[in-house]
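Asks: One structure is given below, represented as structure tokens, and several questions about it will come after.
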Ligand SMILES: *Cc1c(COP(=O)(O)O)cnc(C)c1O
């Protein structure tokens, strides 16, 4: 019987596309083909002694779905295999994962460094919440090596970077920053949401912790919220899990099941997302209504060399599924263009089968002051495009028509 033979040891021998479909699967005694849904909050014990031994950690087994349940476990095991990480903990949203990756180990007096281009909520945690607990922060231009050199202090406990960063797709040289973190005994947390594990491998470049919003390309169809933190067994079990279990950012088992099933088509979908993104980036760059395009796969990207080095599909460099561009004419021109689109939807979400366009200055990044927005390249004409799975010719025509070229 092939039931429950999908151990980590077996799955490690498979190639990624097989791992995405089969790793972590738990089959019940009914031998169902597709993973079952376990919509239960609690578990029963055969005896009071069994309950005692589960609680004191002597016996394996489930205790409560705020900790973990079979669907969460399947998703954690599958994500850990894909990322080649020792351990994973899934959570109710990407922000819960980002927050726990920092708050589970930071303490008063610590110092945190972050690249200044950040998703609005990451920016809020770092600039508003951490300082309230006496944690010092430095926001730097992480594209400059000398800023990194100067930023570390004796109390630097962790470094947080998004690469590519939301929304301008600036890149951070993970290998370079990881080297400095090692020298300074600081944990490097990489938000790998824009690239996905199929296009960028932060652990292989020296990252200590990788965080995801599974809401994005992993779900891929805009249905669920979810997040994940991956790292060493020691970090996840001894630092993150106690924080997670007692503060309760648990993922719903139903959402875990949806994300798990979505991973089966993740690789196929990412190929199409990236193919479409490159095609549109090239079309946009050639359009006279466009001031500039931000896409790591184009030689015009200021950090093209870093993109070629660290964003890859296997051994082949890849620009990813997200792009941004600046329309000539500022906010008015950007709004006129967005309103004229017939296929591409206006939404702050990303990583959907449907192409979605965002005006970061007035939505996702509106909590950042206008001067600061300009300093980090979020000008009034900048738009972020999450390229979907539609026919790329239809998308290109939609854009060209709305730009009137
Ligand atoms: C969406 C996003 C998040 C937050 O994820 P949620 O699932 O929405 O909580 C964090 N970082 C980046 C870069 C994102 O794009």
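Numbering (our numbering), first residue to last: 971 to 1375.
Ideal Cβ positions, reconstructed from N, Cα and C, are used throughout, including at glycine.
1) Thinking C-alpha only, which one of 1349, 1140, 1176 is nearest residue 1147?
2) Report yes if the C-beta of residue 1318 is less than 6 Å from at least one heavy atom of ligand 1; otherwise report no.
3) Select from 1180, 990, 1211 the residue whose C-alpha is nearest the C-alpha of residue 1131.
4) Quick one: Cα of residue 1098 to Cα of residue 1196, how far?
5) Would you say the beta carbon of residue 1185 is closer than 6 Å to some non-hydrogen atom of ligand 3?
6) Using 6 Å as the cut-off, classify the Cβ of residue 1140 as near or not near the heavy atoms of ligand 1, replying yes or no.
7) Taking the alpha carbon of residue 1209 as the reference point, which residue from 1167, 1358, 1057 has its own alpha carbon closest?
8) Below 7 Å between beta carbons: does that hold for residue 1156 and residue 1182?
9) To the nearest angstrom, how far is the alpha carbon of residue 1082 from that of residue 1016?
10) How should residue 1237 be labelled, buried or exposed, when 16 other C-beta atoms within 10 angstroms of its C-beta is the threshold for buried?
11) If you measure between the beta carbons of residue 1304 and residue 1347, is that distance less than 7 Å?
12) Counting only runs that start and end within the region 972 to 1050, where is the alpha helix (DSSP H) found for 4 or more residues in a row?
13) Going by Cα to Cα distance, which pick from 1341, 1087, 1297 is closest to residue 1261?
14) Buried or exposed for residue 1345, please, with buried defined as at least 16 other CB atoms from any protein chain shown within 10 angstroms of its CB.
15) So residue 1324 and residue 1315 are in contact, right, with Cβ under 8 Å, and what is the actual spacing, rounded?
16) With a cut-off of 8 Å, do at least 3 Cβ pairs link the region 1157 to 1168 to the region 1107 to 1125?
17) I need the straight-line Cα distance from residue 1009 to residue 1272, nearest angstrom please.
18) May I have the straight-line CA-CA distance separating residue 971 from residue 1226, to the nearest angstrom?
19) Tell me which same chain residues have a C-beta within less than 6 Å of the C-beta of residue 940, skipping the five on either side of it?
20) Confirm, please, whether the CB-CB distance from residue 1048 to residue 1012 is below 7 Å.
21) Out of curiosity, what's the CA-to-CA distance linking residue 1125 and residue 1080?
22) If you draw a straight line from the alpha carbon of residue 996 to that of residue 1203, how long is it in whole angstroms?
23) Please specify which runs of the beta strand (DSSP E), each continuous and at least 3 residues long, are wholly inside the region 1288 to 1324, giving them in chain order.
24) Does at least one heavy atom of ligand 1 sit under 6 Å from the Cβ of residue 1195?
25) Check whether the region 1212 to 1221 touches the region 1036 to 1052, counting contact only when three or more Cβ pairs, one atom from each stretch, lie closer than 8 Å.
26) Which residues share a DSSP beta bridge with residue 1161?
27) I want to check one thing, is the minimum distance from the CB of residue 1098 to the heavy atoms of ligand 1 below 6 Å?
28) Under DSSP, the beta strand (DSSP E) around residue 1197 begins and ends at which residues?
29) Between residue 1372 and the rest of its own chain, which residues show a CB-CB distance below 7 Å, the 5 nearest in sequence each way excluded?
30) Below 7 Å CB to CB, which residues in the same chain sit around residue 1052 once its five sequence neighbours on both sides are set aside?
31) Ordered along the chain, which non-local residues of its own chain (more than five positions away) have a Cβ less than 8 Å from that of residue 1100?
32) Among the residues of its own chain, which have a CB less than 7 Å from the CB of residue 1299, if the five just before and after it don't count?
33) Tell me whether residue 1132, by its Cβ, gets closer than 6 Å to a heavy atom of ligand 1.
34) How would you write the range of the alpha helix (DSSP H) that residue 1144 sits in, first residue to last?
Replies: With the structure as the only source:
1) Position 177 of the chain shown holds residue 1147. Answer by Cα proximity: 1176.
2) The count along the chain shown starts at 1 and reaches residue 1318 at position 348. Because no heavy atom of ligand 1 lies under 6 Å away, the Cβ of residue 1318 does not count as near it: no.
3) For the purposes of this step, residue 1131 is taken as the residue at position 161 of the chain shown. Answer by Cα proximity: 1180.
4) In the chain shown, the residue the question calls residue 1098 occupies position 128. In the chain shown, the residue the question calls residue 1196 occupies position 226. About 23 Å.
5) As far as ligands go, the structure on display features ligand 1 and does not contain ligand 3.
6) In the chain shown, the residue the question calls residue 1140 occupies position 170. It does not: the Cβ of residue 1140 is nowhere closer than 6 Å to a heavy atom of ligand 1.
7) Along the chain shown, one-based indexing puts residue 1209 at 239. Checked all of 1167, 1358, 1057; the closest Cα to residue 1209 is 1057.
8) Looking up residue 1156 in the chain shown gives position 186. Looking up residue 1182 in the chain shown gives position 212. It is not a contact, given that the beta carbons lie outside the stated cut-off.
9) Taking the chain shown and counting its residues from 1, one reaches residue 1082 at position 112. Taking the chain shown and counting its residues from 1, one reaches residue 1016 at position 46. When rounded, the distance between both Cα atoms is 47 Å.
10) As a position in the chain shown, residue 1237 is number 267, starting the count at 1. Classification for residue 1237: buried.
11) Locating residue 1304 in the chain shown gives position 334, counting from the first residue. Locating residue 1347 in the chain shown gives position 377, counting from the first residue. No, Cβ-Cβ distance for residue 1304 and residue 1347 is not below 7 Å.
12) 978 to 981, 986 to 992, 1018 to 1025
13) Here residue 1261 corresponds to residue number 291 of the chain shown, with the count starting at 1. The option with the nearest alpha carbon to residue 1261 is 1297.
14) Indexing the chain shown from 1 puts residue 1345 at position 375. Classification of residue 1345: exposed, given that the 10 Å Cβ count is below 16.
15) The residue you call residue 1324 lines up with position 354 of the chain shown. The residue you call residue 1315 lines up with position 345 of the chain shown. Yes, they are in contact, since the Cβ atoms of residue 1324 and residue 1315 sit about 6 Å apart, within 8 Å.
16) no
17) Residue 1009 sits at position 39 when you count from the first residue of the chain shown. Residue 1272 sits at position 302 when you count from the first residue of the chain shown. In a straight line, the C-alpha of residue 1009 is about 48 Å away from that of residue 1272.
18) Counting from 1 along the chain shown, the entry for residue 971 is found at position 1. Counting from 1 along the chain shown, the entry for residue 1226 is found at position 256. Because the pLDDT at residue 971 is just 41, under 50, the model does not fix this residue reliably, and the value given afterwards should be weighed accordingly. About 26 Å.
19) This structure cannot speak to residue 940, because the chain is shown only from 971 to 1375.
20) Within the chain shown, the letter at position 42 stands for residue 1012. Within the chain shown, the letter at position 78 stands for residue 1048. Going by C-beta atoms, residue 1012 is not nearer than 7 Å to residue 1048.
21) As a position in the chain shown, residue 1125 is number 155, starting the count at 1. As a position in the chain shown, residue 1080 is number 110, starting the count at 1. Cα to Cα, the separation comes out at about 5 Å.
22) The residue given as residue 996 occupies position 26 in the chain shown. The residue given as residue 1203 occupies position 233 in the chain shown. Taking the straight line joining both Cα atoms gives about 21 Å.
23) 1292 to 1297
24) Counting from one through the chain shown, the residue named residue 1195 turns up at place 225. Result yes, Cβ under 6 Å from ligand 1.
25) yes
26) On the chain shown, position 191 is the one that residue 1161 refers to. Per DSSP, 1132, 1181.
27) Here the question's residue 1098 lines up with position 128 in the chain shown. Checking the Cβ of residue 1098 against ligand 1 gives no.
28) Start at 1 with the first residue of the chain shown, and residue 1197 comes out as number 227. That run of the beta strand (DSSP E) goes 1197 to 1201.
29) Walking along the chain shown from the start, residue 1372 turns up at place 402. Closer than 7 Å at Cβ, skipping near neighbours: 1307, 1310, 1311.
30) Within the chain shown, the letter at position 82 stands for residue 1052. 986, 989, 990, 1167.
31) Here residue 1100 is taken as the residue at index 130 of the chain shown, counted from 1. Excluding positions up to five away in sequence, the list reads 1072, 1076, 1082, 1107.
32) Reading the chain shown from its first residue, position 329 is the one you call residue 1299. Here the set comprises 1351.
33) Counting from 1 along the chain shown, the entry for residue 1132 is found at position 162. Because some heavy atom of ligand 1 lies under 6 Å away, the Cβ of residue 1132 counts as near it: yes.
34) Numbered from 1 along the chain shown, position 174 holds the residue referred to as residue 1144. 1144 to 1153 is the span of the alpha helix (DSSP H), which, as asked, contains residue 1144.
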